[in-house]
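The structure appears right after this line, and notes come after that.
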Amino acid sequence: MEKDRREFLKIGGISVLGLSALPVFQALAQEKGPRYKPDPKALKGAQWAMIVDMKKCWEQQDKRQCRDCILACHKIHNVPDIPDQKREIKWIWLEEYKHAFPDQAHEYAPEKVKENPFMLLCNHCSNPPCVRVCPTKATFKRKPDGIVMMDFHRCIGCRYCMAGCPYGARSFNWGDPRPYLKPEDINMTYPTRRKGVVEKCTFCYERIDEGLQPACVEACKVKALIFGDITNPNSEVRKILSGHYSLRRKIELGTGPNVYYLI
Amino acid sequence: MLEKALKGGQKYWSLLLGLAILSGIGFACFMLQLNQGLRITGMSRDVSWGFYIAQFTFLVGVAASAVMVVLPYYLHHVKEFGRITILGEFLAVSAVTMCLLFIVVDLGQPMRLLNVLLHPTPNSILFWDMVVLNGYLFLNAVIGWTVLSAERKEMPPPKWVKPLIYVSIPWAVSIHTVTAFLYAGLPGRHFWLTAIMAARFLASAFASGPSLLILLSFLIRKRTNFDPGTAAIEKLSKIVTYAMITSVFFLLLEVFTAFYSKIPGHMHGFIYQFAGYEGHAELVPFMWLSVILSVTALILLIPPQFRNNEKLLKIACITVFFGLYLEKGVGLVVTGFIPNVFDKVTPYIPTVPELAITLGVWATGFLIMAILYKVAIGVKEEIRA
Ligand code: SF4
Ligand code: SF4
Chain A
870 MEKDRREFLK
880 IGGISVLGLS
890 ALPVFQALAQ
900 EKGPRYKPDP
910 KALKGAQWAM
920 IVDMKKCWEQ
930 QDKRQCRDCI
940 LACHKIHNVP
950 DIPDQKREIK
960 WIWLEEYKHA
970 FPDQAHEYAP
980 EKVKENPFML
990 LCNHCSNPPC
1000 VRVCPTKATF
1010 KRKPDGIVMM
1020 DFHRCIGCRY
1030 CMAGCPYGAR
1040 SFNWGDPRPY
1050 LKPEDINMTY
1060 PTRRKGVVEK
1070 CTFCYERIDE
1080 GLQPACVEAC
1090 KVKALIFGDI
1100 TNPNSEVRKI
1110 LSGHYSLRRK
1120 IELGTGPNVY
1130 YLI
Chain B
5 MLEKALKGGQ
15 KYWSLLLGLA
25 ILSGIGFACF
35 MLQLNQGLRI
45 TGMSRDVSWG
55 FYIAQFTFLV
65 GVAASAVMVV
75 LPYYLHHVKE
85 FGRITILGEF
95 LAVSAVTMCL
105 LFIVVDLGQP
115 MRLLNVLLHP
125 TPNSILFWDM
135 VVLNGYLFLN
145 AVIGWTVLSA
155 ERKEMPPPKW
165 VKPLIYVSIP
175 WAVSIHTVTA
185 FLYAGLPGRH
195 FWLTAIMAAR
205 FLASAFASGP
215 SLLILLSFLI
225 RKRTNFDPGT
235 AAIEKLSKIV
245 TYAMITSVFF
255 LLLEVFTAFY
265 SKIPGHMHGF
275 IYQFAGYEGH
285 AELVPFMWLS
295 VILSVTALIL
305 LIPPQFRNNE
315 KLLKIACITV
325 FFGLYLEKGV
335 GLVVTGFIPN
345 VFDKVTPYIP
355 TVPELAITLG
365 VWATGFLIMA
375 ILYKVAIGVK
385 EEIRA
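Chains as they are written, first to last, in my numbering: chain A, 870 to 1132; chain B, 5 to 389.
See the structure below:
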């Protein structure tokens, strides 16, 4: 009996001690401020955009069937190479003029334009319908720089975003993608995906945050891809756009695509 | 009351067994799908929603149609409907259950379903659809069950259900409106991008749902000692008639806008459905069958002497139900993806496991309906005795 009582007091004492320590813990846990420090080298912009200079790109395509940007992107992001066209995954890919611009393509366009494919990717829209429709915020527009992001770990695979995106920029993992990756090629610093989730280009947020250009931009040897902040009048993209006439895909839908094409 | 579901003849048990087997097969195929992913379906990068979502869309309509018996009975005191409101409500319960199951089987990651609640996103129509569908299921289950229990004790239903009943009326409209908004707000899907979508959905729902209810009423009258009443069936058949006329009218409005404006995006969907587009004509026979069924339905429904003939009414209801099923449960969803955003055609044909899962969900819904109807009819027979 006596022993029990002592035991009880001991436990009680420890508990009280524990409780009184709680506010300290809480105070520590609630300390305001970022939980991690951003890389000081990180690129900064209010809305990233990309220019695709098709003239330069076509020269390389003609010369050596260049696919440098696609290969770089798909390798670094562990994008599987699925042969079945109905189920393939693509972040950046080639598409004919009349399919890339179905609303404005016409048969009297120059042969060069009609015959050579355009480089397509997610437009990181200013007003993205994919973000609007997603029921879980698995796809969202990143606040500071407007990148339309994809959280593979939250996505429930409802594919509403695929119905919502008018650019065909989203791919769904109809099955397990991992068997389609070569084990020796897997980039261990970027997640692979599992079946049942959607994925797409993320403008290489992980590289931008370390001060690097997107992988495709870096891979292009002739600078056919130019990346920069569209809101900054002194940025390279703005300088190019003010000097050249450019095209965007399906602007009549009001999505505000941020990928520009020069021909 | 549930004990009523346990007392039944051989036919009843065979029915339940048959349905249970079908849902079992569906469940086994669903296990396969969980293991393999949605690649076992016919869906693709281009046609990213298929048969599941189409069934879901059609069944939301069937569920919403309960309002067509509830509203006249409670707001306009149409006494004839008193005996069948419960049938309408229980039909709604089983239809909404099927809808929710179809959403679940369509998800790539069904285990993460709760993310919709953990991260509520009011700008997503799918979020609202989950809210209204679950609410509607709850309302109908509670109302149906409470009113039936009161009826069994031969007492008026408790006061607190009245407000729930009144809420359930606009709520029924909301489930189909929100479901139409899933489609009608997407830029770049011209076939769906039409302000009349919600109205069209409601009109077709108020034709297909009550026609199913009429068929069920005939079946119940034949097989049990409970008679839903000729007057109720007659009233319902009028509702079906007007709703069907409206539904066809709305569809013709779409056809006019598409083909008079001659805007390619608006025409392509219809051309694919009825003539084939760029060499692809997978849906053509089904869509024409839908037209034939709908026209037959109108011929049989509009003249009162046909409509009031029980045999012809049965045929009319079958044609309405299947005509609209083909339009909404087969054509509507797939055509939104054809041609795709690149103006290319990727055809879609459901696979065998996909069809088995679909059938399994339907069987589960009908299983629930059979049990609920058994209870309701048991109570009704008991009161009469
Ligand atoms: S291109 Fe498509 S996926 Fe990319 S932001 Fe725009 S709507 Fe979203
Ligand atoms: S598939 Fe994933 S990212 Fe797309 S809308 Fe659904 S939850 Fe969001």
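Cβ atoms here follow ideal geometry from the backbone N, Cα and C, with glycine treated the same way.
Computed from a prediction, not measured in an experiment: that's the story for all the values here.
- Residues of chain A with a Cβ closer than 8 Å to the Cβ of T355 of chain B do not exist; the shortest Cβ-Cβ separation is about 12 Å.
- Rounded to whole angstroms, the gap between the alpha carbons of G273 of chain B and G340 of chain B is 7 Å.
- Of the other Cβ atoms in all chains shown, 16 or more fall within 10 Å of the Cβ of W366 of chain B; this residue is therefore buried.
- Among the residues of chain A, none has a CB under 9 Å from the CB of H270 of chain B; the nearest is roughly 13 Å distant.
- Annotation for F310 of chain B: L304 and L316 place their beta carbon closer than 7 Å to its own, counting only its chain and skipping 5 residues before and after.
- Using a C-beta cut-off of 8 Å, the segment 154-174 of chain B makes no contact with the segment 187-202 of chain B, since fewer than three inter-stretch Cβ pairs fall below that distance.
- Within the DSSP secondary-structure output, M1018 of chain A pairs in a beta bridge with A:F1009.
- Taking 9 Å as the Cβ-Cβ cut-off, the segment 995-1011 of chain A approaches chain B at P998, V1000, R1001, V1002, C1003, P1004, T1005, K1006 and A1007, given in chain order.
- Nearest in C-alpha terms to V356 of chain B, of all of B:A184, B:R43 and B:T323, is B:R43.
- For V74 of chain B and G65 of chain B, the gap between their C-alpha atoms comes out near 15 Å.
- One Cα belongs to A285 of chain B, the other to E93 of chain B, and the distance between them is close to 39 Å.
- Proximity of the beta carbon of R1023 of chain A to ligand 2 is indicated: a heavy atom of the ligand is located closer than 8 Å.
- With 6 Å as the limit, the residues whose C-beta approaches any heavy atom of ligand 1 more closely are A:C991, A:N992, A:H993, A:C994, A:P997, A:P998, A:C999, A:V1017, A:C1034, A:Y1036, A:A1038, A:R1039, A:K1069 and A:T1124, in sequence along the chain.
- In the DSSP secondary-structure assignment, M988 of chain A is bridged to A:L963.
- Residue-level contact check: G283 of chain B does not touch chain A, since none of the beta carbons of chain A fall below 9 Å from its beta carbon.
- R1023, C1024, I1025, G1026, C1027, R1028, Y1029, M1031, A1032, G1033, C1034, P1035, Y1036, G1037, S1040, F1041, N1042, W1043, G1044 and D1045: these are the residues of the segment 1018-1045 of chain A whose beta carbon lies less than 8 Å from some beta carbon of chain B, given in chain order.
- Ranking B:T234, B:I25, B:E331 and B:S69 by CA distance to the CA of F254 of chain B puts B:E331 first.
- Counting the other CB atoms within 10 Å of its CB gives R227 of chain B a total below 16, which places it among the exposed residues.
- Rounded to whole angstroms, Q37 of chain B and R156 of chain B show a C-alpha spacing of 44 Å.
- In this structure, I372 of chain B keeps its C-beta atom at 9 Å or more from the C-beta atom of Y56 of chain B.
- Look at P124 of chain B: its beta carbon is at least 8 Å from all of the heavy atoms in ligand 2.
- Membership of D110 of chain B in the alpha helix (DSSP H) is indicated by the continuous run T89 to D110.
- Taking each of B:L137, B:S128 and B:L186 in turn and checking the Cα distance to K1006 of chain A, the smallest one comes out for B:S128.
- Residue environment: A235 of chain B is assigned as exposed (fewer than 16 neighbouring CB atoms within 10 Å of its CB, all protein chains considered).
- Beta-bridge pairing by DSSP links E1068 of chain A to A:S1040.
- With distances taken between CA atoms, C1030 of chain A lies nearest to A:C1003 out of A:G1125, A:R1047, A:C1003 and A:C1024.
- For S128 of chain B, the closest Cβ of chain A is nearer than 9 Å.
- In the three-state reduction of the DSSP assignment, D922 of chain A falls in the strand class.
- Chain-ordered, the chain A residues with CB closer than 8 Å to the CB of G41 of chain B read N1042, W1043, G1044, D1045, K1064 and G1065.
- Under the Cβ criterion of 9 Å, M102 of chain B is not counted among the residues facing chain A.
- Not a single CB atom of chain A sits nearer than 9 Å to the CB of Q59 of chain B.
- Contact residues of the segment 161-172 of chain B toward chain A are absent (C-beta to C-beta distance below 9 Å).
- For the options B:V334, B:G364 and B:A380, the alpha carbon positioned closest to that of T101 of chain B is the one of B:G364.
- Within 8 Å of the C-beta of G1026 of chain A there is at least one heavy atom belonging to ligand 2.
- Interface annotation, L336 of chain B: not in contact with chain A, CB-CB separation never under 9 Å.
- Here the distance from the Cβ of G112 of chain B to the nearest heavy atom of ligand 2 is below 8 Å.
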